[in-house]
Amino acid sequence: MAQHEPAQATVEIARASNLVVPPTGASLDDLRPAVREFHALAKAGIPVARLAFALNSIGTAAEEAEARNYLEEAGYAVLAGCLLERPAYRQAQNSGHAITETRYAGLLTQADVLIQSLIDRATEE
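For the record, in the sequence shown the residue sitting at position 108 is 108 according to the working numbering, with numbers rising by one throughout.
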């Protein structure tokens, strides 16, 4: 397999960032390239401690657990929580609202866990 090289702009942005958090879905078609990109960033000198994934478009708790395990086994942090694959998130965004502004309490809680995890990670000292 050919070695993956990240775009130079990606490396420069990662170097200038305190934290790099791309979203990823649960399919291997999402997970494999995401891990390859982080491996390449780490090889380019980006500290692994500044790299974390946010799980997005997750269908079930089992799917979340499998994706989380895959990413952690690859050596990377995964933020707590995830965004479920639900039309309500798109509807909120389509009407100019944030994902934390849906009409559904369960989805609000789900989004809050992920967002709080991101805030906590970004403000770690």
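For each residue, glycine too, the CB sits at the ideal point set by N, CA and C.
Keep in mind the model is a prediction, meaning the values are calculated, not measured.
Check                                                                                                                                                              : Outcome
Does the beta-carbon distance from residue 70 to residue 38 come in below 8 Å?                                                                                     : no
In the DSSP output, which residue or residues are listed as bridge partners for residue 23?                                                                        : 54
Residue 117 lies in the alpha helix (DSSP H); which residues open and close that run?                                                                              : 105–122
If you compare alpha carbons, which of 25, 93, 79, 57 is closest to residue 116?                                                                                   : 79
Secondary structure at residue 71, three-state DSSP: helix, strand or coil?                                                                                        : helix
Going by beta carbon distance, what residues of the same chain come within less than 8 Å of residue 110, once the five residues before and after it are set aside? : 81, 82, 83, 84
Would you mind working out which of 61, 20, 67, 68 sits nearest residue 50, comparing C-alpha positions?                                                           : 20
Expressed to the nearest angstrom, what Euclidean distance is found between the alpha-carbon atoms of residue 5 and residue 104?                                   : 41 Å
For residue 65 and residue 44, what's the separation of their Cα atoms in angstroms?                                                                               : 29 Å
May I ask you to report which of helix, strand or coil DSSP gives residue 28?                                                                                      : helix
Going by DSSP, what residue range makes up the alpha helix (DSSP H) through residue 10?                                                                            : 8–16
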